[in-house]
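Novice: Okay, handing you the structure first.
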Amino acid sequence: MLIAAMILGLIGGITYFIGGISAVTSVSWEELVHQHVGPPWWAVSMIPVGLAATLGSYLAYRKPYVGAVLLLLASVAAMAIGIASFQIS
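Okay, so the sequence shown: first residue is -7 according to this note's numbering, each after it adds one.
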C-alpha cells in the first residue's frame, strides 16, 4: 500500500505540476501584464497541488504520517478544484 501511494502520488503530482506550469507558460508576458489575459485560475492552482502530492509521495516512505496528510490534502484540493471549476453551459 505504501509503494502504491508513493507511485500514484509521484505520477499524479508531477503530472499536475507540469500541467500547471505549461498552462502558465503558454501565455506571453506581454499578454499577461498589458492585456490581463492569462490561463484560467484552476490551471494555475494545479501547481501547488502537484507540489504537495509530489512531496507527500516522497515523505510517504520517510515519514508516513506526514506523507499521508500531504497526499490527503492534495487529493481533497484536486477534487475541490475540479468541482469549483465545473461549468454548466
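Backbone N, C-alpha and C fix where the C-beta goes; we use that ideal spot for every residue, glycine too.
Quick caveat, the model's predicted, so the values are computed rather than measured.
1) May I have a chain-ordered list of the alpha helix (DSSP H) segments no shorter than 4 residues that lie completely inside the region 38 to 75?
2) In this structure, does DSSP put S20 in helix, strand or coil?
3) Can you list, in chain order, the residues of its chain whose CB lies under 6 Å from that of V58, leaving out five sequence neighbours each side?
4) Please return the same chain residues whose Cβ sits closer than 6 Å to the Cβ of I82, not counting the five positions on each side in sequence.
5) Does DSSP put G11 in a helix, in a strand, or in coil?
Specialist: So, to answer that:
1) 38 to 54
2) coil
3) L51
4) The displayed coordinates of the chain run from -7 to 81. Any statement about residue 82 would go beyond what the structure contains.
5) helix
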